Ligand SMILES: C[S@@+](CC[C@H](N)C(=O)[O-])C[C@H]1O[C@@H](n2cnc3c(N)ncnc32)[C@H](O)[C@@H]1O
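Residue numbers (the working numbering): 4 to 259.
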């Protein structure tokens with residue numbers, strides 16, 4: 004690890020955008036988008052243990068690990084079962100890109116992004132598998148967490164409960180996809196989890212195509228895990244509507 008005056012520069016930005024492109028992170032080769040918040044919080048708070056649950060291509064864990072490297076101390080635990088939307092038939096609330104299938108592929112991706120070896124430990128596990136083994140593994144308390152795994156209401160509230168029980172208070176917790184449009188169809192439940200916490204915990208949401216919520220916990224709130232929501236009909240209805248329009252267009256050409 005290297006400590007000192009280092010900060011993110013243009014070559015880091017380019018490498019990050021090529022090696023670990025962000026999904027709805029407001030990042031380009033010229034700006035880190037939400038990454039500025041990830042990076043700045045870690046440089047400011049000087050955490051020892053950061054937890055990231057879920058990442059499609061590794062943008063957030065890579066930026067956070069670079070901040071830890073620039074701090075000169077700290078470790079990042081990354082949990083992602085490496086789901087692949089196409090392969091595993093997952094919807095957009097859960098699916099990933101299969102980026103974390105092997106330790107070699109994981110190591111290569113973070114090395115490409117310029118992250119020094121030894122900062123990130125990846126567990127190819129679901130949130131439930133990981134938290135059930137947390138104490139057995141003797142993992143330390145969490146100083147900062149980013150929740151970006153399965154975004155349905157049940158999993159989002161489960162992640163927040165499990166994280167909040169293990170925080171080294173006071174601590175920040177970030178939740179990605181806080182305002183994503185799929186929250187309105189019921190496919191994502193992050194906004195509902197945040198809504199239930201309003202007035203109980205300090206929170207601010209940064210805008211963007213997904214929305215990033217920043218929560219500050221000063222005590223353990225005893226988060227409730229939501230039940231399974233009823234299946235949403237909005238996306239299937241849109242698909243049927245689209246198929247109907249397409250069929251109408253074909254028929255109109257056929258009978259011309
Ligand atoms: C849609 S991606 C998140 C994309 C993210 N916004 C980004 O910028 O990369 C969701 C990730 O969560 C992971 N995931 C899905 N279900 C999970 C679970 N139960 N526990 C932990 N991670 C999960 C998937 O493997 C995937 O990589």
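We put the beta carbon where it would ideally sit given N, CA and C, even for glycine.
Keep in mind the model is a prediction, meaning the values are calculated, not measured.
{"Query": "Distance check for residue 208 and residue 24, CA to CA, integer angstroms please.", "Result": "22 Å"}
{"Query": "Helix, strand or coil for residue 70? Go by DSSP, reduced to three states.", "Result": "helix"}
{"Query": "What are the uninterrupted segments assigned as alpha helix (DSSP H) that are 4 or more residues long and contained completely in the stretch 10-57, given in chain order?", "Result": "13-22 and 38-48"}
{"Query": "I need the boundaries of the beta strand (DSSP E) containing residue 100, first residue and last residue.", "Result": "No beta strand (DSSP E) contains residue 100, which DSSP labels as neither H nor E."}
{"Query": "For ligand 1, any of its heavy atoms closer than 7 Å to the Cβ of residue 44?", "Result": "no"}
{"Query": "Should residue 11 be counted as a contact of ligand 1 given a C-beta to heavy atom distance under 7 Å?", "Result": "no"}
{"Query": "Taking all protein chains shown into account, do 16 or more other C-beta atoms lie within 10 angstroms of the C-beta of residue 162, making it buried, or fewer, making it exposed?", "Result": "buried"}
{"Query": "Hey, residue 171 and residue 182: beta-carbon distance below 8 Å or not?", "Result": "no"}
{"Query": "Based on the DSSP output, what are the partners of residue 188 in its beta bridges?", "Result": "Answer by DSSP bridge pairing: none, since residue 188 is not bridged."}
{"Query": "Quickly, what does DSSP pair residue 80 with across the bridge? List them, please.", "Result": "54 and 124"}
{"Query": "Should the stretch 27-36 be regarded as contacting the stretch 204-218, the criterion being three or more beta carbon pairs within less than 8 Å?", "Result": "yes"}
{"Query": "Grab the span of the beta strand (DSSP E) containing residue 165 for me, first residue to last.", "Result": "Element bounds for residue 165: not the beta strand (DSSP E) but the alpha helix (DSSP H), 156-167."}
{"Query": "In chain order, what residues of the same chain have a beta carbon less than 7 Å from the beta carbon of residue 147, not counting five sequence neighbours either side?", "Result": "44, 45, 48, 50, 53, 174 and 175"}
{"Query": "Do you know offhand how far residue 122's Cα is from residue 217's?", "Result": "23 Å"}
{"Query": "Would residue 80 be called buried (16 or more neighbouring beta carbons within 10 Å of its own) or exposed?", "Result": "buried"}
{"Query": "Note down, in chain order, each residue of its chain lying with its Cβ closer than 7 Å to the Cβ of residue 109, except the 5 sequence neighbours on either side.", "Result": "103 and 125"}
{"Query": "Please state whether DSSP places residue 212 in a helix, a strand or coil.", "Result": "coil"}
{"Query": "Could you check where the alpha helix (DSSP H) with residue 131 kicks off and where it finishes?", "Result": "130-135"}
{"Query": "Using the C-alpha atoms, what's the distance from residue 62 back to residue 15?", "Result": "12 Å"}
{"Query": "Could you give the DSSP three-state label for residue 107: helix, strand or coil?", "Result": "helix"}
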